[in-house]
Each structure stands twice: as C-alpha cells, then as structure tokens.
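K.L.:
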DNA sequence: AATGAATGAGTCTTCATTCAT
DNA sequence: GATGAATGAAGACTCATTCAT
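Chains as they are written, first to last, in the numbering used here: chain A, 966 to 1163; chain B, 966 to 1163; chain C, 966 to 1163; chain D, 966 to 1163.
#1: Expressed to the nearest angstrom, what Euclidean distance is found between the alpha-carbon atoms of residue 966(D) and residue 975(D)?
#2: Please name the residues in the segment 1132-1161 of chain A whose beta-carbon is closer than 7 angstroms to at least one beta-carbon of chain B, in chain order.
#3: Closer than 9 angstroms by beta-carbon distance: list the chain C residues that pair up with residue 1100(D), in chain order.
#4: Using beta carbons (cut-off 8 angstroms, strictly below), is residue 1078(C) in contact with chain D?
#5: Is it right to say residue 1041(A) is buried, meaning 16 or more other beta carbons lie within 10 angstroms of its own, or is it exposed?
#6: Determine, using beta carbons only, whether residue 1132(D) and residue 1099(D) come nearer to each other than 8 angstroms.
#7: Of all the residues that make up the segment 1111-1123 of chain C, which are near chain D by a beta-carbon distance shorter than 8 angstroms?
#8: Cβ closer than 8 angstroms: which chain C residues qualify as neighbours of residue 971(D)?
#9: Tell me whether residue 1142(D) is buried or exposed, calling it buried when 16 or more other Cβ atoms sit within 10 Å of its Cβ.
#10: Which residues, in chain order, does the segment 1018-1040 of chain A contribute to contact with chain B at a C-beta distance below 9 angstroms?
#11: Helix, strand or coil for residue 1160(C) per DSSP?
#12: Contact between the segment 1112-1120 of chain D and the segment 1081-1095 of chain C: three or more CB pairs below 8 angstroms?
#13: Could you name each continuous alpha helix (DSSP H) segment of 4 residues or more that falls completely within the segment 998-1083 of chain C, going from the start of the chain to the end?
#14: Would you say residue 1045(D) faces chain C, with C-beta separation under 8 angstroms as the test?
#15: How close, in whole Å, do the beta carbons of residue 1069(C) and residue 986(C) come, if the pair is a contact with beta carbons under 8 angstroms?
#16: Whole angstroms is fine: what's the gap from residue 1025(C)'s alpha carbon to residue 1129(A)'s?
#17: Quick check on the burial criterion: 16 or more other C-beta atoms within 10 angstroms. Buried or exposed for residue 1163(B)?
#18: Opposite residue 1112(A) in the DSSP bridges: which residues?
#19: Please list the residues of the segment 989-1017 of chain C that have a C-beta atom closer than 9 angstroms to any C-beta atom in chain D, keeping them in chain order.
#20: Looking at the C-beta of residue 1057(C), does it have a partner C-beta in chain D at a distance below 8 angstroms?
#21: Looking at the secondary structure, which residues open and close the alpha helix (DSSP H) in which residue 1127(A) lies?
#22: Under a three-way DSSP split, which group does residue 1105(A) fall into?
#23: Along chain A, in chain order, which residues have C-beta atoms closer than 7 angstroms to that of residue 1163(B)?
#24: Straight-line CA distance for residue 1065(C) to residue 1000(A)?
#25: If distances are taken between C-alpha atoms only, which option among 1136(A), 1034(A), 1151(A) comes closest to residue 1144(A)?
#26: What separation, rounded to the nearest whole angstrom, lies between the Cα atoms of residue 1113(A) and residue 984(A)?
#27: Grouping DSSP H, G and I as helix and E and B as strand, with all else coil, what is residue 966(D)?
#28: Please classify residue 996(D) as buried or exposed, where buried requires at least 16 other C-beta atoms within 10 Å of its C-beta.
#29: Where residue 1134(A) and residue 1121(B) are concerned, what is the direct C-alpha to C-alpha distance, given to the nearest angstrom?
#30: Please work out which residues of its chain come closer than 6 angstroms, Cβ to Cβ, to residue 1045(A), disregarding the five sequence neighbours upstream and downstream, and give them in chain order.
#31: Using a Cβ-Cβ distance cut-off of 8 angstroms, determine whether residue 1075(A) contacts chain B.
#32: Verify the CB distance criterion: does residue 966(C) have a CB-CB separation below 8 angstroms to chain D?
#33: Alpha carbon to alpha carbon, how far is residue 1080(A) from residue 1110(B)?
#34: Taking the Cβ atom as the reference point for each residue, do residue 1123(A) and residue 1096(A) lie within a distance shorter than 8 angstroms?
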C-alpha cells in the first residue's frame, strides 16, 4: 500500500515540477503563479502545498531537478580521446538534455545569468559537477599540451561553461535562428579552443 | 515662473532613475517596489508618477539611459591600430562605463541575459550600436587577415559582445573575485581572439 | 468534496450582492468601496474577487439581480379587468418588490435617472420587460378607448414607467414623507391617467 | 486697480464654473478631475484653489450657478392667462435655459434624481423658487377650477416639476430622440394636466 | 491526499490638496 | 494671482498561503 502510494506521490510531484519549470521559464520567479501551475498540471492550488512548502521551495526544487537532469546527461556522455572531442561530447550531452528538458534548462540558465544573491549559490553549487568535469578534462589537456597552461584550469572551465551558456541565451534570444542547437556544440568548442584570431 | 524648474526637474528625474537602476538591478523588474524607489530617492511615492507614467515606463527609461551611457562610452573609446588593440579599447571603454554606472549596466546585462520577450527587443535595439561597431572592426580585421574569415563578422561580433557580458556576470557572480574589472578587458579579448587551445 | 459548497457558494454570493446593493445605493458606483462591502458582508476584501472579477462586474451583477427581482414581481402581479386596474396591479407589484429589496431598487432607479453612458444601455435593457408589459396594456387600452390614441403606446409606456420612478425618487428624497409607499401606486396611476386638470 | 482685478477675477471664476459644469455633467462628482477641469479651462491645477476651497465647494457652486441661471429664466417667462399657458410658459423658459446652459442643467437634474443626502437639500433649496412659482400658479388654478382641488397645490407643483425633469432625463437618455426639446414643454403640460386617459 | 474558499499583506496607481516660487 | 511639483491618503486588485471539508 505504501509502495503504490509512494509511487503515485512521486508521479504527482514530477508533474508539478514539469509544469512549474515551464511557467518559471516563461514568467520568471515573481511572475509565475502557483494557482496557474497547479491548474495547468491538473490539480488544485492547495495540492502544491502538499508537496512543496512554499513557492521558493518549489523554485528551488525545479532548479535542483534541472541540475540533476543535466548531471545525468554528462554522466552519459561518451568519452573521447582528445580534449576537443571530450569537450564536444560534453557539450553535445548538455544540448541533448536541453532538447529533452528545455523548460528546466531555461530556468537554470536564466538563473545562472541573473546572479540573484538568493539563488546564485544554489545554481553554482548545482553547476559545480559539470564545471568540475570540464576542469578535469582541461587539466589533463594542459598536461598533454593541448591546452594553454598559463591559466588555471578552473578558470578555463568557467569560461567554457559560460560560453556554452551564452550560446544558449543567443539561441533562445534569436528565436532559434543562430546558433541552432545542431551547430551549437561545435561552435562552443571552436570558440573556446581556437578563438577568432588567425 | 517655471524658469529654474527645467533644470530642477531634470535633476529630480535623474535622481529617480539612479535609484530605480539600483533597485531594478538588485530586485529585478517584478521584485522592485515603486514606493521604495521613491522613498530611497528622497521623495514620496506619488512623485514618481509626476515623471514616469508607470513602473513599466520607468523601467524602460532606466534601460534607455543605460544604453545611452554605454553608447557615449564607446564613442569616447580611443581607436587603436590592430584589431586586438581596437577591441581592447572598446572593452576598456565599456568597463569604464560600468565603473561609473554599475547599477544601470547591471540592469542592462541582466535583461540581456534573461531574454524576456517584453524587453529583449528593446535591449537588442539599444545594444545594436555597440555590436555594430564591433562588427565593423571585425570585418576590417577579416580583410586584413587578422580575423578568421570563415564566419560572418556579425556572428563574431555577437560572440565578442557575449563574452564581454559573460565576464561581467562572472565578475558580479563571484563577488568581484574573478575576473576583476582591471583584468576583464584583456581577458575578454584574449578569450575571443586566441582561444584556450595551443 | 465540493458537494455542499454549491449551495454555500450561492449563499455567500447573495450576501455579497445584498451588501453591495446597500452600499452602491448609498454611495454610488464610484463612491462605494470594495473593502467596505466585503467587511460589512462579513468577509475579507479578497473574497469579493473570488465571486466577481471586478468592481464593475459586481455593480453589473447588482443591477442584473435588481432587474430579475423586479421582473419576478411583475410576473406575480394579478391581472385586472380595466387598464386602470392593470396598471395599478403592476405598480403595486413594483412597490412590493421595492419593499423587499429596497437597496437593489435604489441602485436601479438611481442608475436609470443618472443616464451614465456606461450603464444606461444596461438599465434600459433590463427595464425593457416592464416597459413592454405596460406598453401592451396601454395598446389594449387604446383599442378599447380607455387610453388616448393620439400617442404611440410605447411613448406612453415610457411616461408611466417614468412617473412611477419619479415618485420613488420623491419618496426617497422626502425621507418617505410624500408620497408614502402605500399611496404610491394609486398616485402613479391617477397622475398618469387623469392628469391634474379638471 | 481693484475694479479691473475684480472683473478679471469674476471672468476666471466663470470660466472655471463653465468647465466644471461640463465635466461634472459628463463624469459625475467622483469621476470628475480637478486637474482636467483646470487644464481644459486654460489654467493650472492650483488656480482652482484660488477660487474654490475644495472640490466639494466647486461642485456646490456649479449647482448654485445652475439654479441661478434657471431662476433668471423663470423670471423672464411671459405670463399667460390660463394655467395651461402659464405652465407652458414656465416650461418653455426652463427649456430655453437648458439650451443655453446644458451642462449646468444636467448637473442639476442628475443631482436632483440621485437624491444623495449630501447634496439633495441643496438641490431642493435651489429648486424651491421654481416649485413655488408653479405652486402659486396651480393654487390660482384651483381657485378658478382649472385644476383639481383634491390635492395640495404644493404636491401638484412637485409633480409638474418632476415630470418636466423626467422628460429631460428621457431626452438625454434617448440621445435626443424622444422627446425633442421642441416638443418637450407641450408634452410636459399635457401629460400633467390631461393625463393619458380618455 | 485533494480541494478551493477565505484571507490579508502588499502593490500599483490616482488624485485632491498644499505651498514655495 | 498663477503655477505645477510634491505629497500621501485611499482604493482596486493580486496572490501566496492556510485550513476545514
């Protein structure tokens, strides 16, 4: 009995998170509306409070879920031989996550880029796994002389992550015109590794 | 009768814009509070409405003022010989504006990075002058073989602008730890031109 | 789950309408205060908005309810033989409604007499059933030569309705001194039918 | 110096009253806007307060002016021989005033018909001169058997005044369709004296 | 566990009124 | 006397949250 209930509970919770992600992505934290989230998810207002203690917590859980989904994606990324192929695999994995869970990723990106004191630490904390993976790849690359060694790998990792995120913003901001999701991983990697100079 | 007023009116208006920029930067559009803006600026709530017809208009005017300040900064940027020095001059000018008018720039950057449909076009429109200057520099650079010519200058310009903005976000997000404003222009240029590869 | 609610909801709605009628009658549309209406009805401000989407809609519903009550009254009026007795029956029925639902009728009368473009059409539309009944009675009276036939029955109906309404105004305006509600129907009919001449 | 000033003062005051009448007639007391009245009259907001101490007082002065204009009209009415011709002369005079000062009369009528406790006494007081003239005519008519003597002339006078007012309401309410101003005096008199019966 | 009616703090906005120039 | 900037009380409306059913 408990088992079924527990499963049902989880289903409802996921449904609420999905809808919350959509609306937080569209309207922002302040603009989003608990009633609307509940209703669109197929429940009544009060139900949200059986699963989350406040709007803030719901938002936090959306962020958290976004990070988990992203992290699962990185884990699934195939490893490559060179730094270039590894980075591209990571970026490709990230874009794959984005395709599946666009609202969650939008919330994550918007929050990362708006550096609100209340949520920035949370975002950073949840982004850390990804950044750490990148950092390790880059550190290895520095050792094998594929990567310039005059900058700390941690800083370079932040740069790569940032460029990826930046391209998402330009993708969404341009209505998908440029860059497209298909070209995005390669563009991120070449921008990061090769630069625009000759 | 009104004689002196003209100037006084402008002063009050500027004071309100300054305070609005601070609070919009800190709290976002929805989170900011007209009453608080007025009070902190040293006026009563109603006074705001003698200068701006609504919260939305006030926000628009803050964005607009931010863009004007930024544009004035670019115009004052010294021209250099090489693409590298020109970009660095532009970035340096931008950072100088940011030092003077941080709240305004924060509003601009946050808005640019949050791609809200209501304001994104406005932001893009006001950012356009800067992007266009960069594009022209890059087009010239492509002609002189300083810049890779396999990508449209307009896209490269968006990339450079984006990287600059991204570094602002990381500057603010890290509490000023990295990158610092001093190193920021050079970092933006080398990231953009040289890449992280060897 | 909601089971009982349906009825309870209607009760609350009626309570709010009653109180709104009282205050709209006393203070007019602009002068009335949603907060006060809610509080006097025994609820909090927000509750009004669970039932009516705006002050305007609430006002419209009050008008609408007033018309329904009035219409129900006419339907219950006994039919007489002569035009005189029929008119008196109608007037008596109208006064009976007024006794039961004075605030609603006050709102209706005040609105009818203040010819505000926003509400006048609504009022006319809702008064129409009554006016139409009167017109039919008068048309029949013209056929049986009880009524002068040198004027369109529709115009005469407007006159009779107007005189009735006018007497309400004088009743309320005089604090109930003259005419009293008891004498009002007969006075309306004799004024309308007989005139003051000899 | 004083004389010119005094005359100028009176001119400004009249201009403000005219505009106030227009806007009170259009928007009602609560809906009207001091700033708008002042501006449309060609002055600044503050000027109104050099002439009237409050919105309420301004409204009262508009009512008062309306009554004065009306009273001046009655005084100018030609006397007739019969009661019928006297009443028609009075009604014609009233309509003439209405043609000249429609906004003032609208304010007066609307206020008379909305029986607001705050203004009703004022309206009654100012309407009294007209009602008294009518009463005297009717009392004389009762003596000469032109008027039924089973009702106090004072009540009959209120009825006649009310019918006249009612026809104004129907005139304005119908957008001038029926009754027209031309037919209005005769209609008022025949309605009052002859009734609709045969 | 789900519901949705009730709540009331909080927000934008209006506008009559004051008063320094 | 005219002006219009400043004021702040007041009001409509929103919405996160609570809780009885």
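Ideal Cβ placement from N, Cα and C applies to all residues, glycine included.
P.N.:
In short:
#1: Residue confidence for residue 966(D) is low, a pLDDT of 47 falling below 50, so the modelled location carries little weight and cannot support an answer.
#2: So the list reads 1134, 1135, 1137, 1138, 1143, 1156, 1157, 1158, 1159, 1160, 1161, given in the order they occur along the chain.
#3: Result: empty, since nearest Cβ-Cβ is about 12 angstroms, beyond 9 angstroms.
#4: At least one CB atom of chain D sits nearer than 8 angstroms to the CB of residue 1078(C).
#5: Exposed: under 16 other Cβ atoms inside 10 Å.
#6: The answer is no: Cβ separation not under 8 angstroms.
#7: Answer in chain order: 1111, 1112, 1113, 1116, 1120, 1121, 1123.
#8: Ordered by position in chain C, no residue passes the 8 angstroms Cβ test against residue 971(D), which lies about 37 angstroms from the chain.
#9: Within a 10 Å sphere around the beta-carbon of residue 1142(D) sit fewer than 16 other beta-carbons, which makes this residue exposed.
#10: Cβ contacts with chain B: none found.
#11: Three-state result, residue 1160(C): coil.
#12: These segments do not touch.
#13: If we require 4 residues or more, the alpha helix (DSSP H) runs fully inside the segment 998-1083 of chain C come out as 999-1006, 1010-1016, 1020-1040, 1048-1065, 1067-1079.
#14: It does not: the Cβ of residue 1045(D) has no partner Cβ on chain C nearer than 8 angstroms.
#15: Their Cβ separation, rounded to whole angstroms, is 5 angstroms, which keeps residue 1069(C) and residue 986(C) in contact under 8 angstroms.
#16: Computed Cα separation, rounded: 55 angstroms.
#17: Residue burial annotation: residue 1163(B) is exposed, with fewer than 16 other C-beta atoms found within 10 angstroms of its C-beta.
#18: According to DSSP, which records beta bridges pairwise, residue 1112(A) is partnered with 1162(B).
#19: Within the segment 989-1017 of chain C, the qualifying residues are 991, 992, 993, 994, 995, 996.
#20: Interface residue (Cβ-Cβ distance to chain D less than 8 angstroms): residue 1057(C) is not classified as such.
#21: Here the alpha helix (DSSP H) through residue 1127(A) covers 1118-1138.
#22: DSSP places residue 1105(A) in helix when its eight states are reduced to three.
#23: The answer, in chain order, is 1110, 1111, 1112, 1113.
#24: Distance between the alpha carbons of residue 1065(C) and residue 1000(A) is about 40 angstroms.
#25: It is 1136(A) whose Cα lies nearest to the Cα of residue 1144(A).
#26: Answer to the nearest angstrom: the Cα atoms are 44 angstroms apart.
#27: Confidence at residue 966(D) is low in this model, with a pLDDT of 47, below 50, so its placement is unreliable and the value that follows should be read with caution. Residue 966(D) falls in the coil class under three-state DSSP.
#28: Of the other Cβ atoms in all chains shown, fewer than 16 fall within 10 Å of the Cβ of residue 996(D); this residue is therefore exposed.
#29: The straight-line gap from Cα to Cα measures roughly 15 angstroms.
#30: Only 1051, 1054 meet the Cβ criterion.
#31: True, the Cβ-Cβ gap to chain B drops below 8 angstroms.
#32: Caution applies to residue 966(C), whose pLDDT of 47 falls short of 50 and renders its modelled position unreliable; the value that the coordinates give is listed next. No, its Cβ sits nowhere closer than 8 angstroms to a Cβ of chain D.
#33: Near 38 angstroms, if we compare the C-alpha coordinates of residue 1110(B) and residue 1080(A).
#34: Taking 8 angstroms as the Cβ cut-off, residue 1123(A) and residue 1096(A) qualify as a contacting pair.
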